[in-house]
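To keep things clear, I will list the structure first and then write my remarks on it.
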Amino acid sequence: MAFKKVQMKKCFINGISAISAQNTFESDFLDSAVVNQTTTTLSAIEPDYKTFIPPAAIRRMAKGIKMGVATSVQALQKAELEQIDAIITGTGMGCSQDSEKFLKSILDNNEQFLTPTSFIQSTHNTVAAQIALRLSCKGYNFTYVNGAVSFESALLDGCMQITSEEAKSILVGGIDEYAEHTFSLYKLIGLIKNEQDKPFSVLNSKSKGTVFSEGATFFALENIRKDSTYAEVVDVQIKNKISKEKLPDFFDAFLKKNNLNTSEIDVVVLGNNGDMEFDCYFEKVSNYLPDSVQVYYKHLSGEYNTASAFGLWVAANMLKKQQIPEVIRLNSVEKQQYKTILLYNQYRGLDHSLVLLRGVL
Amino acid sequence: MKIAVTGMGIISAIGTTVEENFNALKNRDSGISDLENIDTVHKGVLKFGEIKLTNSELADILHLPENHNFSRTTLLGAYAAQKAVENAGIKNINDYPTGLVSSTSVGGMDKTEQYFYEYFDNPEIRRFITSHDAGDVSHKIADILGIEGIVTTISTACSSAANAVMFGARLIASGQLERVIVGGSDALSKFTINGFNTLMILTDTYNTPFDNNRKGLNLGEAAAYLVLESDKIVKEQNREILAYLSGFGNANDAYHQTASSEDGEGAFLAMEKALKMADISPENIDYINVHGTATPNNDLSEGRALLQIFGKNVPHFSSTKPYTGHTLAAAAAIEAVYSILALRHNVVYPNLNFKDKMEEFDLIPTTELTEKEIHTVLSNSFGFGGNCSSLIFSKF
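So the protein sequences, as listed, match chains G and W.
Just so it is clear: in the first sequence, position 10 is 25 by our numbering, and no numbers are missing.
Just so it is clear: in the second sequence, position 217 is 224 by our numbering, and no numbers are missing.
So, in structure tokens, the structure goes:
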């Protein structure tokens, strides 16, 4: 018998941390949120890394590695964990800064005078590996790289291992970093918004493309509930593509699998990113769940392949604090308390994901 | 719950079919050669496991339109995945819940390095910009296969495809899928050629795994996919089972970003986990398809880990890297195919180019084609970031 099929344990989020375009690393939830509608790209607000990473190492590390290491440490601290059984990351573009740096030196110097540092740090699993090195964590170490479900793939893997009792504690995170050349190519093909389409409102947008950004978000998952618990991750579902018409079927099947009615979803967290071509998917969900509190977040985080991890950070905070900041509300529905939250994301009609969270209060 | 392998597809420097690959392994036909398809200063200097089909030949085989935007990694991956599905005899891919777990390390880097600066001046080629993304490789393969379901990609450097096999198996075991296509694809690129060259782990001749005078690896390119199916499908569709995936393990060496620890702890832990899961003891392993890249570091580290697991009774082992080169993210996938073929045909492939045993220990790889009853095969794959993976395939 190679596999246990029993699902005994529940999967709890016991620690979280985010570095994003907002001051999420040092502040409490979204108290200081600022909506910027004037720039086509947003940069993550970085903490002073000295508390987390030795200064000599800081200089060698690209932004994604630094953000990933710092948020992984903080998530563990919040969960009061020193060691974990597994590290699972998701990243759409990987270590783009080091990849670009190495590629430029190849092209600019006709394959001569190259040094290995940026190549060494260019592999997609660099952040997961650096965290393992720093923690001397010899456990399971995976990195998923599939566009907008990179993070959800990691989360799905993590939850499966917690519920099947293969692991007791797991760090799961999403990391993507700004890279100059890649972003300029995205501007060329309209994935990033045009200057002239300012202001870049995420809601009721009349332009294509999105405001691109970067960030790192980590979660400490455990099979036990404790004082620091934010939420239980009940289920995760990903699908490569769905037509707009079939989107309600995708939701129906997911809710049925989890024995839920639409009326039981207190809050739905949507990944609207202001791309007029594809935000219709989210409108469809708004209509599907009219009685739920509807929340959006990419006007604060910007879009990047693992921005949905920031969405999960928002949802976990809402459940723990029982509070929904005005700045993220899409509709005016009110609820006495928030117990069940559904997150939905997609990017350009691909990589659809559903994450179901339950509060533990 | 058993996970059955019911189909395989492969393309590598030693062949474009499972049969061609198997014949080359038996006949000592190496695919290491001078480069033809990539324009690099290392052409003619270093040797590679290059697939000689050009991109346009591959596109023709796949019946792609002229203006397609497939990178070479995607072309190779789509080809091998399609062959795997054909081999399993699947008529309607969505008749059971089916997913794809692919893997790659370079993704569409071949196109990115070709057009990096030209993109700004030439709108014609801009369709390739989005094909850089690793996930784009899997999306295109899923589209070619017609899969609508769980599609994801793993990138853990040179152990990637082994990890894709593991996650795919977990998705079946947990009941989320009945069928999953798993594997990996990586094309040669200037990026990886120069990257490995700066690390000074490329040989200037032919790689010699587990030899005392080994000088490094030859890079290669390949793609391979396996069809994994649940008991339910096997029964209902009366499938021929090629092998069972009976165990797997992943561990991290947590020693260095690119080098393996001297004692091979990560490798040891990965093999130990796989054996535990398969619920067998080391003496049940009949053949090991080792990672065996022929870098001084890997073979020492892996050898020590083998000794720690198997003690004095290390079974027959060989590296197939002298045939294919090191094909990075695809390595574990092509070697899974080779492991299953070893199992089915009861043969151990010769480890080419071996002369002198390493001074650190008495491990000698199998150097002649050896026929023996093989019930269980262990396949190792290790990558940058300390990533260590082991898969166990068995007949029953």
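Every residue gets a Cβ at the ideal spot worked out from N, C-alpha and C, and that includes glycine.
| Asked | Found |
| --- | --- |
| Could you say if the stretch 220 to 233 of chain G and the stretch 190 to 210 of chain G meet the contact criterion of at least three C-beta pairs nearer than 8 angstroms? | yes |
| With DSSP collapsed to three states, give me the class of W/V108. | strand |
| Kindly say whether W/S162, judged by its beta-carbon, lies nearer than 7 angstroms to any beta-carbon of chain G. | yes |
| By the DSSP assignment, the beta strand (DSSP E) with W/N259 in it spans what residues? | 250 to 259 |
| Suppose the cutoff is 6 angstroms on Cβ atoms and the five residues either side in sequence are ignored; what does the same chain contact list for G/V370 look like? | V251, L358 |
| Would you say the beta carbon of G/T53 is closer than 6 angstroms to some non-hydrogen atom of the ligand MG? | As presented, the structure is devoid of all ligands, the ligand MG included, so that no description of it is given. |
| Can you give me the C-alpha to C-alpha distance between G/D172 and W/E120, rounded to a whole angstrom? | 33 angstroms |
| Ignore the nearest five residues each way along the sequence and tell me which others in W/Q289's own chain have a CB closer than 7 angstroms to its CB. | A quick correction: the sequence has Pro, not Gln, at residue 289 of chain W. Result list for W/P289: L282, I316, F317, in chain order. |
| Assign G/G339 to one of two classes, buried (16 or more other C-beta atoms within 10 Å of its C-beta) or exposed (fewer than that). | Note that residue 339 of chain G is Ile in the sequence shown here, rather than Gly. Classification of G/I339: buried, given that the 10 Å Cβ count is 16 or more. |
| Buried or exposed for G/M291, please, with buried defined as at least 16 other CB atoms from any protein chain shown within 10 angstroms of its CB. | exposed |
| Grab me the residues of W/A349's own chain with a C-beta within less than 8 angstroms of its C-beta, minus the 5 sequence neighbours each way, in chain order. | Y294, N296, V355, Y356, I381, V384 |
| Within 7 angstroms of any Cβ in chain W, is that where the Cβ of G/K162 sits? | In the sequence on display, residue 162 of chain G carries Gly and not Lys. Closer than 7 angstroms: yes. |
| When you compare only the Cα positions, how much space is there between W/A301 and W/D218? | 8 angstroms |
| So, G/G374 versus G/L334, is the Cβ gap smaller than 7 angstroms? | yes |
| Listed from N- to C-terminal order along the chain, which residues in the stretch 145 to 159 of chain W have their beta-carbon within a distance smaller than 9 angstroms of any beta-carbon of chain G? | S145, H146, A149, D150, I154, E155, G156, I157, V158, T159 |
| Given this structure, state the Cα-to-Cα distance separating G/L96 from W/D270, to the nearest angstrom. | 28 angstroms |
| I'd like to know whether the C-beta atoms of G/T106 and G/I177 end up nearer to each other than 7 angstroms. | no |
| Less than 7 angstroms between CB atoms is the rule here; does W/G223 satisfy it with respect to chain G? | no |
| Within its chain, find whatever has a CB closer than 7 angstroms to the CB of W/A338; leave out the 5 residues flanking it on each side and keep chain order. | C165, A168, S388 |
| Would you kindly check if the distance between the Cβ of W/N76 and the Cβ of G/N156 is under 7 angstroms? | no |
| Quick check on G/C26: does DSSP put it in helix, strand or coil? | strand |
| List, in order along the chain, the chain W residues whose C-beta lies closer than 8 angstroms to that of G/N397? | Because chain G is modelled from 16 through 376, residue 397 of chain G falls outside the range shown and cannot be assessed. |
| Taking Cβ positions only, does W/N74 come closer than 7 angstroms to chain G? | no |
| Put G/Q309 into one of helix, strand or coil per three-state DSSP. | strand |
| In this structure, how does DSSP classify G/S168 when only helix, strand and coil are distinguished? | helix |
| Identify which residue in W/D369, W/N394, W/G96, W/A336 has its Cα closest to the Cα of W/S192. | W/A336 |
| Residues bridged to G/S32 by DSSP? | G/F233 |
| Mind checking if G/P131 is an interface residue toward chain W, Cβ cutoff 7 angstroms exclusive? | yes |
| Are the Cβ atoms of G/F134 and W/T205 separated by less than 7 angstroms? | yes |
| My output table needs one value for G/D281: the three-state DSSP class, helix, strand or coil. | coil |
| What residues of chain W sit near G/L148, judged by a beta carbon separation below 8 angstroms? | A261, Y262, H263, Q264, G393 |
| What separation, rounded to the nearest whole angstrom, lies between the Cα atoms of W/V241 and G/S47? | 57 angstroms |
| Which class does W/M15 belong to by DSSP, given the choice of helix, strand or coil? | strand |
| Just confirm the distance between the C-beta atoms of G/K93 and G/G30, as a whole number of angstroms; I'd bet it's less than 8 angstroms. | 4 angstroms |
| Quick check: is the beta carbon of W/V52 nearer than 7 angstroms to any beta carbon in chain G? | no |
| Which one of G/G289, G/V284, G/F325 has the shortest CA to CA distance from G/P305? | G/V284 |
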